[in-house]
Every structure is written in C-alpha cells, then in structure tokens.
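*Asks:* The numbers in the sequence shown follow the UniProt record's numbering, run straight up by one, and end at 542.
All C-beta atoms in this analysis are idealised placements derived from N, C-alpha and C, irrespective of residue type, glycine included.
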Amino acid sequence: MRQNKRWLIFLLFLVLIPKTSFAHAYITNSNPGENSELKQAPKQIEIEFNEQIEEGFHSIKVYNSSGERVDAGKTVIQKNDSRIMTAALKKNLPHDIYRAEWNAVSADGHPVSGVIPFSIGKAGGGLQEKTSSEAPLHPEAAIDRGILYTALSLFIGTAFFHLFWFRKNESSSKNSRTVKLLVISLCLMGLALVCQLPIQTKENAGGAWSAAFQPDYVKETLLKTAGGYVWMIQISLFILLAVSMIPLLKKKAFRSFAYWTAPLLFFFASLLAKAFAGHAAVIDEKAVGITMDFLHLSAASVWTGGIAALVLLLSSEWRNTDKTIAWETVRRFSPWAFASVGVLLFSGVLNGFFIIRSFDSLFHTAYGKTLLLKIGLFVIMLALGAIHVWMTKLRRNKSISGTIKAEWVIGIAVLFTTAVFTSLPSPPPPAPLPFNGSDMIGNGETLSLHITPNQPGKNEFQVIVTDHNGSLVKDIQQFTVTVYQTGFSGKQHESTFDLKKTKEGTFEAANMSITEKGNWKIKVHGLTNDFNEINQIFSTTN
C-alpha cells in the first residue's frame, strides 16, 4: 500500500508539472571554476550554461578584493554557442582574491544571477561561497500571471458555455451577465498583458522598479529577449481579439459560431504564442514541448473556465424548483471536463519525460512544496468533479451550486499556485553517476562499458570483455564507439571514435562526444583476432 501511494504521488508529480516548469538556466561549467586557485592570471572569464541565454541583460563583472573592477567592460555571448558568455580581463592581474558577478536571462525569459569566487596565487583568507543562481520569486509577477490565467479561463468558459453546454433560450438577464463577464475577462487580460512588460523589464534589470520604465531597458527587453518578441505578438493578438469581439457583443450573438470564429482564433493563437516564451520552448524537442505547453494551458482554461461559467451563468436555474436545465448543462459540460483532464494528464506526463530529474527534491525545495500544494488542490477538484458527475445520475431536484462554487474557488487557487510555481526554478538535476553497463555477447562472454564521470564534457570511456570465469578476453583487435543522442527527432549529435588498447583486454579513450544532458546511446563495435564482430548498444541518461 505504501509503495502504491509513492507511485501515485510520482504520477501526480508528472501530471502537474506546469507546462513552463523546466529549470531556469544554471551553470554547467566555468573557467575559472568556483573557488579555484590559479597559478597565473586568466585572459578571460568563460561561463557555460545548460541552455541558451538571451542577448539582452547579460553581464560578467569581475572585482578584486578591494572592490575594483578588473574586467575589460564587455561581455560577449558566443555566436556559435549561445550557452556560453565570456568577458575579457585586464592584463597581468596580480595575486589576489577575485569574484565574478554574472547576470543573464534564460531562454525561457527568467533572469538568473550568481557569483563565482576564485583566486590568483595563494589567497589569504577564505573564499566566499558561490551565490545561488536561482531567480528569486517576484510576487508581482506571480500575481500578474494569476490574473492572466484567470482571465483566460473566464473568457473561454463563457464562450463554450453558450456554444456547447447551455441549450435554453437566452434571457435578457443572462445576456447582460454574459456581456459583463466577457468585458471583465478582456479587461483583466489586457491589464495583465500591459503590466507584464514593466514587470519583466524590472526583473531583467535587477529587480528595481526605477528600471521598469526606463526606455533603454524597455527597448532591450522588447528587442533582445524572446519574451519581448512574444509579448509584442500577444499584445497584437489581444488587440485583434478585442476588436473582433465588438460585433459579437453588440449583436449578443453568443450562440453563433460565425461571430465566435475570429475571437476564438485570436484567443488560441495567443495561447500558442505564450507557449513560445516558456521553458518548453528551450528543450531539445521544441515542437513537442511547445505543443504540450499549448494543450496544457488550453485544457486548464476550458476546465476551470467551464466551472466558472456554471457558477456565474446558471445561478437562476439552480434557484428554480425544476432544475432540469441546470443538470442538463452540467451533464453536457462533464465530457469536456473529462477530456480536459485527459489532456492535462497526457501533456503533463510528456512534459515530465523531459523535465523530471529527482523525486526527492519534491519534498525539500520551494519548487517541490509548491507542487505538492498544487497536487492537493488538483485532487480536491477531481473529487468534487467526480461527485458532480455521480449526482447527475441521481436526484435532480437538489442543487449543487455550493459545491460547484467550492470547485471554482479551488480552481482559481490552482491557477494562482501555478502562477507562483512558474516563477520558481525547478531544482537542478542531481550530479550524474558514472555509467557502468554490461551485457552478454555470446559464448559465456560479457562486454562491459564504463563511462566516467558520465556528464557533458570530457569523459573517460573503458571497454573490457570477460569470460565466464571473469578473466579478461585478450584476443580482440580493436573497439570503436559511436555516441548519439536520442529523442523524438531520431539520432542527434552522432560521433564515432576509436578506443586505444591500454593493456591486454582493456580499451580506453577520453572523449567529449557527450555534449549535453539527455538520453544517449552508446554503440560499441569490436573486432576479434579471428575477425568476428562484436556489436552492443548501451543507453545512459545524465
């Protein structure tokens, strides 16, 4: 039973990973390294991240122990690899303790920063610890996202209520309330989008409100970050959405697909544009990540928005003695709710395939604790939804308006929890362990592959073959290793190299073919003295 509970929590962890939950950028390598002691002064500082970083708001500032800047004043992102940024240093730096303070904007739009301490020569005193590169939570950003998610759900829930779920002739009071809901949702949507630009500019520039409205910083956000480009697209789509709603609101043609076609097109295009600014857009399988991001947000909006519509637009029907119309509306909504949950499950699990690295971090980080809160709220929503479906088959003279309101309140809490969640970086993956794999190749012989340290960069590859007694097999001429990354797009980054015989029965080589984290295939091809071939494929994840 306990094991089943752990698997249930793990499944929910996969499902409820928010669509934009991939880790913010973090350092995978730096030169000089953290707390390193150098014999001579380096020419530059080089920092490599796990993902691409934006052209805007990046810097490396290097200070000596007196607080004087010793860098040349210019930070450059490499053109052939936008994961790496460098800053030249002044010549002939003396022996001293130094700190490199860096700032960057992840490809997902989140600012990150940190400090790398190092020394030249023997340093007197201790070196300061490297500060965390995780971006702090900005409450204003979380509130803005929460308002946006709520507005999106309210808009699409109201639209689908009239198009698919409610079948009674529209009353003037219901039409009037519908107009108010649509106008409110559009106003909240516009407010959230307008506020998004200064909030993002403030975060990019270091967190001071004085920078949020400075023209140079705003321009840099718009033109040198992916988030800026996406924001301009979203604002344009919002304007088109608002304009296209004017005829529909004037005519009150809430059941007309013709009047809803353009608004819904602009609405879902806006959701798709938002997916391009999230973490899903920077993973290797960008098309898959963006698609799942779009489906996740769409499904969440339909589910939560539908519940909102049942609360706000069915109040008079629940007060009637005959509640048939209210129950029929709930019955028509139920398949949409179940379909939305299915999409959330599918997109969440698939996103989890790319994202999840450590189950233990679920209980020991702010990210994990916030996720647990969302899991709890999600389970309560599911339970209430199941109760409503069950009750549609029983007594229909009873109102469930109260429990639907409770489900809606919880749904809003989920949206705002998600808004907080997407502002937090997911924990970096644990340090990879050396790979040790072995497999039978026939005649009682076993081929073993060892990769150390099994992480991006330089790795030591060792291949040996042993017989059934565990003794080394020595009648082997050569081994060749082919390394390639696997994914939905097939083979990527394929590289082949030879291993050298370091002693009888042992073949080794140092190689940098594993260039990034992910799933890798290692194909080992050997040739014996009798010209018999050995072929074996291993899989490793780092």
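So, using beta-carbon positions, are residue 477 and residue 529 closer together than 7 Å?
*Replies:* The residue given as residue 477 occupies position 477 in the sequence shown. The residue given as residue 529 occupies position 529 in the sequence shown. Yes. Within cutoff.
*Asks:* Confirm, please, whether the CB-CB distance from residue 301 to residue 156 is below 7 Å.
*Replies:* In the sequence shown, the residue the question calls residue 156 occupies position 156. In the sequence shown, the residue the question calls residue 301 occupies position 301. Yes. Within cutoff.
*Asks:* Nearest to residue 266 by CA position, among 244, 275 and 287, is which residue?
*Replies:* As a working note, residue 266 is residue 266 in the sequence shown. For the residues 244, 275 and 287, the minimum Cα distance to residue 266 belongs to 244.
*Asks:* Which of helix, strand or coil does DSSP assign to residue 94?
*Replies:* The count along the sequence shown starts at 1 and reaches residue 94 at position 94. Residue 94: coil per DSSP, three-state reduction.
*Asks:* Measure the alpha-carbon distance for residue 26 versus residue 49 and round it to whole angstroms.
*Replies:* Indexing the sequence shown from 1 puts residue 26 at position 26. Indexing the sequence shown from 1 puts residue 49 at position 49. Between residue 26 and residue 49, the C-alpha separation is close to 5 Å.
*Asks:* How would you write the range of the alpha helix (DSSP H) that residue 192 sits in, first residue to last?
*Replies:* Here residue 192 refers to the residue found at position 192 of the sequence shown. 172-204 is the span of the alpha helix (DSSP H), which, as asked, contains residue 192.
*Asks:* Excluding the 5 residues flanking residue 127 on each side, which residues of the same chain have their C-beta closer than 7 Å to its C-beta?
*Replies:* Taking the first residue of the sequence shown as 1, we reach residue 127 at position 127. In this prediction, residue 127 has a pLDDT of 41, which is less than 50 and means its spatial position is unreliable; what the coordinates show is noted afterwards. Answer for residue 127: 35, 97, 117 and 119, listed in chain order.
*Asks:* With a cut-off of 8 Å, do at least 3 Cβ pairs link the region 36-45 to the region 81-94?
*Replies:* Counting Cβ pairs under 8 Å, three or more are found: they touch.
*Asks:* Which residue wins for smallest C-alpha separation from residue 194, given the options 248, 533 and 237?
*Replies:* The count along the sequence shown starts at 1 and reaches residue 194 at position 194. Ranking 248, 533 and 237 by Cα distance to residue 194 puts 237 first.
*Asks:* Measure from the alpha carbon of residue 306 to the alpha carbon of each residue in 276, 250, 65 and 151, then state which is nearest.
*Replies:* Locating residue 306 in the sequence shown gives position 306, counting from the first residue. Of the listed residues, the one whose Cα sits closest to residue 306 is 151.
*Asks:* Residues in the same chain with beta-carbon distance under 6 Å from residue 186, minus the five sequence neighbours each way, listed in chain order, please.
*Replies:* One-based indexing of the sequence shown puts residue 186 at position 186. Excluding sequence neighbours, residue 186 sits near 242.
*Asks:* Secondary structure at residue 106, three-state DSSP: helix, strand or coil?
*Replies:* Along the sequence shown, one-based indexing puts residue 106 at 106. Note: residue 106 maps to strand in three-state DSSP.
*Asks:* Below 8 Å CB to CB, which residues in the same chain sit around residue 259 once its five sequence neighbours on both sides are set aside?
*Replies:* In the sequence shown, residue 259 corresponds to position 259, counting from 1. Once the five neighbours on either side are set aside, the close Cβ partners of residue 259 are 247, 248, 251 and 253.
*Asks:* Express the C-alpha separation of residue 206 and residue 179 in angstroms, rounding to a whole number.
*Replies:* Here the question's residue 179 lines up with position 179 in the sequence shown. Here the question's residue 206 lines up with position 206 in the sequence shown. Using only the alpha carbons, I get a separation of about 41 Å.
*Asks:* Residue ranges of each beta strand (DSSP E) run of no fewer than 3 residues wholly in the region 283-307, ordered along the chain?
*Replies:* You should have found no qualifying run.
*Asks:* In three-state DSSP terms, what is residue 468?
*Replies:* Counting from one through the sequence shown, the residue named residue 468 turns up at place 468. Residue 468 falls in the coil class under three-state DSSP.
*Asks:* For a cutoff of 7 Å on Cβ pairs, would you count residue 192 as touching chain D?
*Replies:* The displayed structure is made up of one protein chain only, and chain D is not part of it.
*Asks:* Check whether the region 431-445 and the region 492-503 touch, using three or more Cβ-Cβ pairs below 8 Å as the test.
*Replies:* Output reads no: the region 492-503 does not touch the region 431-445.
*Asks:* For residue 111, name the three-state secondary structure that DSSP assigns.
*Replies:* Translated into the one-based positions of the sequence shown, residue 111 becomes position 111. The answer is strand: DSSP assigns residue 111 an E or B state.
*Asks:* When the Cα atoms are used, what is the spatial distance from residue 204 to residue 342?
*Replies:* Numbered from 1 along the sequence shown, position 204 holds the residue referred to as residue 204. Numbered from 1 along the sequence shown, position 342 holds the residue referred to as residue 342. If you take the alpha carbons of residue 204 and residue 342, they lie about 36 Å apart.
*Asks:* Roughly how many angstroms lie between the CA atoms of residue 59 and residue 273, to the nearest whole one?
*Replies:* On the sequence shown, position 59 is the one that residue 59 refers to. On the sequence shown, position 273 is the one that residue 273 refers to. Computed Cα separation, rounded: 28 Å.
*Asks:* Which same chain residues, not among the five before or five after residue 525, have their C-beta less than 6 Å away from its C-beta?
*Replies:* On the sequence shown, position 525 is the one that residue 525 refers to. Excluding sequence neighbours, residue 525 sits near 480 and 535.
*Asks:* Can at least three beta-carbon pairs, one atom from the region 164-175 and one from the region 329-338, be found at a separation below 8 Å?
*Replies:* As far as the Cβ criterion goes, the region 164-175 touches the region 329-338, which means the pair count is three or higher.
*Asks:* Tell me whether the region 219-237 and the region 77-89 touch, counting them as touching only if at least three CB pairs, one residue from each stretch, are closer than 8 Å.
*Replies:* At 8 Å Cβ cutoff, the stretches do not touch.
*Asks:* Give the C-beta separation of residue 460 and residue 508 to the nearest angstrom, bearing in mind that I take them to be a contact with Cβ-Cβ under 8 Å.
*Replies:* Indexing the sequence shown from 1 puts residue 460 at position 460. Indexing the sequence shown from 1 puts residue 508 at position 508. Correct: roughly 7 Å between the Cβ atoms.
*Asks:* Rounded to the nearest angstrom, what separates residue 519 and residue 455 at their Cα positions?
*Replies:* Here residue 519 refers to the residue found at position 519 of the sequence shown. Here residue 455 refers to the residue found at position 455 of the sequence shown. So the alpha carbons of these two residues sit roughly 11 Å apart.
*Asks:* One question on the structure: do residue 293 and residue 275 come within less than 7 Å of each other, judged by their Cβ atoms?
*Replies:* For this step, residue 293 is matched to residue 293 along the sequence shown. For this step, residue 275 is matched to residue 275 along the sequence shown. For residue 293 and residue 275, yes; Cβs fall inside 7 Å.
*Asks:* Residue 225 and residue 56: beta carbons closer than 7 Å?
*Replies:* By one-based count along the sequence shown, residue 225 stands at place 225. By one-based count along the sequence shown, residue 56 stands at place 56. Cβ distance < 7 Å, so residue 225 and residue 56 count as in contact.
*Asks:* Which same chain residues, not among the five before or five after residue 532, have their C-beta less than 6 Å away from its C-beta?
*Replies:* Translated into the one-based positions of the sequence shown, residue 532 becomes position 532. Contacts found: none.
*Asks:* Distance, Cα to Cα, residue 363 vs residue 218?
*Replies:* On the sequence shown, residue 363 is found 363 positions in, with the first residue counted as 1. On the sequence shown, residue 218 is found 218 positions in, with the first residue counted as 1. Using only the alpha carbons, I get a separation of about 38 Å.
*Asks:* Here's a check: name, in chain order, each residue in its chain whose Cβ is nearer than 8 Å to the Cβ of residue 271, leaving out the five neighbours to either side.
*Replies:* The count along the sequence shown starts at 1 and reaches residue 271 at position 271. Here the set comprises 152, 294, 297, 298 and 301.
*Asks:* I need the boundaries of the alpha helix (DSSP H) containing residue 235, first residue and last residue.
*Replies:* Position 235 of the sequence shown, counting from 1, holds the residue named residue 235. That run of the alpha helix (DSSP H) goes 226-251.
*Asks:* Would you tell me roughly how many angstroms separate the C-alpha atoms of residue 385 and residue 346, rounded to the nearest one?
*Replies:* What you label residue 385 is simply residue 385 of the sequence shown in a count that begins at 1. What you label residue 346 is simply residue 346 of the sequence shown in a count that begins at 1. Spanning the two alpha carbons is a distance of roughly 19 Å.
*Asks:* Quick one: is residue 513 buried, meaning 16 or more other Cβ sit within 10 Å of its Cβ, or exposed?
*Replies:* To locate residue 513, count along the sequence shown from 1; it is residue 513. Residue 513 comes out buried.
*Asks:* By DSSP's criteria, residue 539 is part of a beta bridge. Which residues make up the other side?
*Replies:* Sequence index remark: in the sequence shown, residue 539 carries index 539 (1-based). Residue 539 is bridged to 521.
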